[in-house]
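Colleague: So the first sequence is numbered by the numbering used here: it starts at 66 and just counts up by one. One structure coming up, written as structure tokens, with questions to follow.
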Amino acid sequence: MAKNLLIVESPAKAKTIEGYLGKDFTVKSSYGHIRDLVKSDDAINIASNFEQKYEVPADKKQIVAELKKLAKEAEMVWLASDEDREGEAISWHLFETLGLKDATTKRIVFHEITKPAIMRAIENPRKIDYNLVNAQQARRVLDRLVGFELSPVLWKKVKPSLSAGRVQSVAVRLIVDREREVNKFTAEAAFRIAATFGKGREAFKAELAERYSQQEDAEKFLTDCVDATFKVNSLETKPLRRSPAAPFTTSTLQQEASRKLGFSVSRTMQVAQKLYESGKITYMRTDSVNLSDTAINAAQAQIVRAYGEKYHTLRKYKTKSASAQEAHEAIRPTYFDVHTVDGDNSEKRLYELIWKRAIASQMSEAQFEKTTAKIGISTRKEELTANGEVMKFDGFLKVYLESNDEDEDNTQDEDNAMLPPLTVGQLLNMNEMTATERYSRPPARYTEASLVKKLEELSIGRPSTYAPTISTIQNRGYVVKEEREGRTRNFRVLTLKAGSITKEQRSENTGAERNKLFPTDIGAVVNDFLVQYFQGIVDFNFTAGVEKKFDEIAQGLEEWTDMIRKFYQPFHIEVENTLKTADKATGERELGVHPESGKKISVRIGRYGPFVQVGENATDENPEKPLYASLRAGQMIETISLDEALELFKLPKKVGFYEDKDMTVAIGKFGPYIRHNSAFYSLPKEIDPLDVTEPQAIEIIEAKRVRDAERLIKVFDENPEVKILNGRWGPYIEFEKLNVKIPKGKEPLELTFDEVKALADATPATGKKGRFGKAAPKAAAAKAPAAKKTPAKKKAPAKKAAPKAKK
DNA sequence: CAGTGAGCGAGCTTCCGCTTGACTT
66 MAKNLLIVES
76 PAKAKTIEGY
86 LGKDFTVKSS
96 YGHIRDLVKS
106 DDAINIASNF
116 EQKYEVPADK
126 KQIVAELKKL
136 AKEAEMVWLA
146 SDEDREGEAI
156 SWHLFETLGL
166 KDATTKRIVF
176 HEITKPAIMR
186 AIENPRKIDY
196 NLVNAQQARR
206 VLDRLVGFEL
216 SPVLWKKVKP
226 SLSAGRVQSV
236 AVRLIVDRER
246 EVNKFTAEAA
256 FRIAATFGKG
266 REAFKAELAE
276 RYSQQEDAEK
286 FLTDCVDATF
296 KVNSLETKPL
306 RRSPAAPFTT
316 STLQQEASRK
326 LGFSVSRTMQ
336 VAQKLYESGK
346 ITYMRTDSVN
356 LSDTAINAAQ
366 AQIVRAYGEK
376 YHTLRKYKTK
386 SASAQEAHEA
396 IRPTYFDVHT
406 VDGDNSEKRL
416 YELIWKRAIA
426 SQMSEAQFEK
436 TTAKIGISTR
446 KEELTANGEV
456 MKFDGFLKVY
466 LESNDEDEDN
476 TQDEDNAMLP
486 PLTVGQLLNM
496 NEMTATERYS
506 RPPARYTEAS
516 LVKKLEELSI
526 GRPSTYAPTI
536 STIQNRGYVV
546 KEEREGRTRN
556 FRVLTLKAGS
566 ITKEQRSENT
576 GAERNKLFPT
586 DIGAVVNDFL
596 VQYFQGIVDF
606 NFTAGVEKKF
616 DEIAQGLEEW
626 TDMIRKFYQP
636 FHIEVENTLK
646 TADKATGERE
656 LGVHPESGKK
666 ISVRIGRYGP
676 FVQVGENATD
686 ENPEKPLYAS
696 LRAGQMIETI
706 SLDEALELFK
716 LPKKVGFYED
726 KDMTVAIGKF
736 GPYIRHNSAF
746 YSLPKEIDPL
756 DVTEPQAIEI
766 IEAKRVRDAE
776 RLIKVFDENP
786 EVKILNGRWG
796 PYIEFEKLNV
806 KIPKGKEPLE
816 LTFDEVKALA
826 DATPATGKKG
836 RFGKAAPKAA
846 AAKAPAAKKT
856 PAKKKAPAKK
866 AAPKAKK
């Protein structure tokens with residue numbers, strides 16, 4: 066039996082440390098927090114000084130039991146959870162729950178998992194820091210009070226099952242605000258003048274700083290240049306240096322993996338977790354840019370060996386973020402001499418990114434020489450500017466270049482091309498000059514990763530919660546991650562070449578979006594409600610403010626219950642007042658009146674989502690019912706126009722008659738469809754649902770029947786609900802409601818009913834509730850539909866069309 | 001899976017931060 070039990074938070078960490086410490090130590094993991102506030106409303110007794118009721122959740126019972134047993138047998142228990150607020154609280158919960166004794170318990174901390182760091186920690190034990198624990202309790206209690214008092218207000222005033230919280234509600238607000246900025250934005254066009262000079266490889270480009278909003282002015286400029294001579298007025302050369310970025314934190318890793326690899330933040334974390342568990346990288350949930358001395362030395366050795374001494378520069382990075390708690394190192398490879406790893410493609414690519422970024426962070430600056438040439442025009446006082454950049458030393462760029470969110474913007478291309486040798490006074494031959502109309506761009510919508518960046522800047526959320534927060538706001542239906550098609554827009558180009566000016570109109574696609582976050586109507590309504598009644602909570606500085614208080618508590622300068630009381634009393638009064646006085650929020654907006662009937666047309670949120678209503682609600686005096694139509698995907702209450710709303714009432718519409726039944730056309734969740742004899746037939750994209758003719762509709766129905774017939778391979782006489790079908794991935798068995806795979810090598814047509822039944826019995830039922838069914842039966846019904854919206858599953862329906870079309 | 005848009009009012013929903021599995025396509 067080991068004399069010492071050492072408890073850390075993560076099992077992977079436990080394994081590593083066990084290797085450092087030898088036989089006298091058993092190292093175990095608590096798997097994070099082992100206790101939490103009870104789920105019910107009596108978790109915090111407000112009248113009794115915010116006394117909390119904690120419990121060990123079901124999935125932690127086993128761990129706690131094991132730790133308890135080991136603790137009893139050990140001579141000394143070492144609590145080695147992280148050195149931050151949450152970590153200190155974990156140690157305290159362990160102390161309380163395991164029934165530890167002061168005399169046989171030691172608290173130790175380290176910021177890096179290296180042997181010297183661990184040994185140093187063991188030589189310098191301390192006691193649990195109760196100020197820090199109190200700061201965590203304040204954080205926990207505040208979040209619970211906010212979340213569990215605000216959410217029920219939303220259930221009453223907006224819709225059941227909604228949620229609000231210190232972090233998620235601000236995240237939604239950022240997205241709603243940004244969407245409104247984009248909607249408000251009007252693009253302004255201006256002509257940019259650019260010219261090319263020189264021949265072949267010596268050709269270069271120069272631009273005019275001024276922009277012309279009027280075409281006449283741009284044209285005048287070009288006309289003036291027809292007979293002008295061009296001369297180098299001045300040349301300036303100056304050195305330019307670029308430094309590498311700091312090694313990754315959780316937030317910067319998520320951003321770069323999104324930009325460079327196209328990963329969602331949750332994918333990044335899943336892949337990083339795998340790399341961490343297999344010992345390839347250090348811990349992936351960190352806000353620190355610090356590297357251990359061991360790491361710095363190892364990186365240096367790698368760089369010197371691979372690239373030479375002059376490529377190495379020792380650098381120590383300081384974390385910018387004020388809220389950083391720095392319990393870990395930056396994310397880096399465990400061993401710098403491992404350049405690539407085994408595993409699937411995403412693991413390889415993410416590892417490579419982490420390796421390069423960490424190595425580059427210890428490399429020398431890149432050096433450039435930037436040349437600026439001003440070119441005079443004999444007929445105008447303005448000058449053209451040409452920039453050229455020559456790299457003198459690549460430095461860290463040998464391995465890594467950080468990208469930024471504006472990389473897609475290629476309007477400024479070739480900005481750092483090379484210039485040919487030039488001299489002041491030199492006359493230049495102009496090849497071509499253009500005046501191109503360019504539009505200003507609206508602020509960019511958030512991606513998952515740029516939202517994380519913004520939240521981190523506001524000190525909202527922690528490395529362990531960025532990815533879950535982004536899932537939450539999508540699962541609640543406040544936000545959707547979507548593609549949007551752009552529209553074409555014309556722009557004018559004037560070209561001066563060989564002494565004459567030509568004008569042409571070109572077109573570009575604008576406003577197209579990929580994987581951007583859009584607010585939904587419910588997101589906007591909830592946000593506006595919270596902004597109106599709970600300004601203080603959704604204020605962007607709310608978290609920063611309470612964090613300051615938590616710090617004071619951690620330093621022992623303030624009593625945590627005092628702080629919470631000062632917050633809670635006014636907050637709770639606001640909650641009560643809002644419940645009493647606020648109207649139900651539906652986001653209702655009046656669009657105008659119907660051009661023919663003169664009836665009022667309005668949009669609002671109903672039980673099944675946003676819809677348009679024509680006419681007033683029925684009353685005793687006026688029993689006529691209003692007309693309703695749901696908004697379509699991509700339409701919003703805030704932006705829908707009267708014409709678009711009227712358009713929605715053109716469907717469903719009768720198309721004709723076939724086999725003694727009506728055919729109607731409408732648009733559903735999965736696009737336009739024809740309905741005939743209570744069956745549905747999807748409309749191909751090329752056909753506008755408003756223009757479908759009777760023969761077209763019949764053709765579509767017949768085609769679907771043929772496909773269905775081809776799909777059916779065999780029906781069993783024993784049970785007509787058992788069939789062999791041809792699916793997207795070949796033949797499969799449909800056994801009542803269950804889909805069953807056919808084992809390889811079996812001929813589908815030769816299967817007997819008994820064989821099929823045996824296969825079906827061996828196939829576990831897949832019901833959507835299955836996953837939540839056991840652990841949280843109550844949550845199953847509510848969560849199953851929400852889960853459908855997860856982005857990972859979106860791909861399937863999109864691809865479905867392809868194989869079908871081929872036939 | 002694709003019509004709906006009221007209410008007799010049961011019983012439910014919900015927060016943020018620490019950690020990993022165990023699920024399916």
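Each residue gets a CB set at the ideal place from its N, CA and C atoms; glycine is no exception. The structure presented is a predicted model; accordingly, all values stated were derived computationally and were not measured.
1. Taking Leu163 and Leu132 to be in contact with their CB atoms under 8 Å, please state how far apart those CB atoms are, rounded to whole angstroms.
2. With distance defined between alpha-carbon atoms, name the residue in Arg172, Val757, Arg697 and Ser706 nearest to Phe722.
3. Would you report the Cα separation of Pro533 and Ser331, rounded to the nearest angstrom?
4. Using only alpha-carbon positions, find the residue among Glu815, Glu812 and Ile789 that is nearest to Val805.
5. How many Å lie between Asn540 and Gln233 at the Cα?
6. Looking at Ile346: is its Cβ nearer than 8 Å to the Cβ of Gln427?
7. In the structure shown, what three-state DSSP assignment does Pro808 receive?
8. With Ser353 and Ala182 assumed to form a contact (beta carbons below 8 Å), what rounded beta-carbon distance in angstroms separates them?
9. Quick one: Cα of Ile72 to Cα of Ser95, how far?
10. If you measure between the beta carbons of Glu153 and Asp194, is that distance less than 8 Å?
11. Could you say if the stretch 243 to 261 and the stretch 488 to 504 meet the contact criterion of at least three C-beta pairs nearer than 8 Å?
12. From this set, Ile765, Glu783 and Glu799, which residue's C-alpha is nearest Leu777's C-alpha?
13. Quick one: what does DSSP say Leu696 is sitting in, helix, strand or coil?
14. Going by C-alpha to C-alpha distance, which of Ala311, Lys562 and Val455 sits closest to Glu467?
15. Do the stretch 693 to 708 and the stretch 664 to 673 touch if we need at least three Cβ pairs shorter than 8 Å?
16. Mind checking whether Gln491 and Arg306 have CB atoms under 8 Å apart?
17. For Glu177 and Phe313, I'd like the C-alpha separation in whole angstroms.
18. For Lys811 and Gly344, what's the separation of their Cα atoms in angstroms?
19. Using the rule of at least 16 other Cβ atoms within 10 Å of the residue's Cβ for burial, across every protein chain shown, is Ala392 buried or exposed?
20. Go ahead and pull the three-state DSSP assignment for Lys664.
21. Beta-carbon within less than 6 Å of Asn196's beta-carbon, same chain only, minus the 5 sequence neighbours each way: which residues are those?
22. With H, G and I counted as helix, E and B as strand and the rest as coil, what does DSSP make of His377?
23. For Leu210, does the three-state DSSP call read helix, strand or coil?
24. Looking at C-alpha atoms only, which residue of Lys125, Gln202, Asp819 and Asn114 is the closest neighbour of Glu612?
25. When the Cα atoms are used, what is the spatial distance from Val603 to Tyr119?
26. My output table needs one value for Leu814: the three-state DSSP class, helix, strand or coil.
27. Can you give the beta carbon distance from Lys166 to Tyr85, rounded, assuming they're within the 8 Å contact cut?
28. Just mark Trp625 as buried or exposed, buried being the case when its beta carbon has 16 or more other beta carbons within 10 Å.
29. Enumerated in chain order, which unbroken segments of the beta strand (DSSP E) with a length of 3 residues or greater are wholly contained in the stretch 726 to 752?
30. Could you give the distance in angstroms between the alpha-carbon of Arg836 and the alpha-carbon of Leu516?
31. Just to confirm, are Phe676 and Ser662 a CB contact at a threshold of 8 Å?
32. Report the residue from Thr333, Thr553, Gln570 and Val247 whose alpha carbon sits nearest the alpha carbon of Thr560.
33. Taking the continuous alpha helix (DSSP H) assigned at Ile99, which residues delimit it?
34. Between the stretch 370 to 377 and the stretch 436 to 443, can you find at least three pairs of beta-carbon atoms closer than 8 Å?
35. Please confirm if the stretch 507 to 526 is in contact with the stretch 578 to 589, defined as three or more CB-CB distances below 8 Å between the two stretches.
36. Could you check the C-alpha separation between Pro190 and Met184 for me, to the nearest Å?
Modeller: On the basis of the supplied data:
1. The beta-carbon separation of Leu163 and Leu132, rounded to 6 Å, stays under the 8 Å limit for a contact.
2. Val757
3. Taking the straight line joining both Cα atoms gives about 8 Å.
4. Ile789
5. Between Asn540 and Gln233, the C-alpha separation is close to 11 Å.
6. Cβ atoms of Ile346 and Gln427: not closer than 8 Å.
7. Coil, per DSSP.
8. So it is not a contact: roughly 14 Å between Cβ atoms.
9. 7 Å
10. yes
11. yes
12. Glu799
13. coil
14. Ala311
15. yes
16. Result no, Cβ atoms of Gln491 and Arg306 do not sit closer than 8 Å.
17. 15 Å
18. 42 Å
19. buried
20. coil
21. Ala619 and Gly621
22. strand
23. helix
24. Gln202
25. 28 Å
26. helix
27. At roughly 26 Å, the Cβ-Cβ gap does not stay under 8 Å, so Lys166 and Tyr85 are not in contact.
28. buried
29. 726 to 733, 736 to 741 and 744 to 747
30. Caution applies to Arg836, whose pLDDT of 28 falls short of 50 and renders its modelled position unreliable; the value that the coordinates give is listed next. So the two alpha carbons sit approximately 29 Å from each other.
31. no
32. Gln570
33. Premise fails: Ile99 is in no alpha helix (DSSP H) and is neither H nor E.
34. no
35. yes
36. 11 Å
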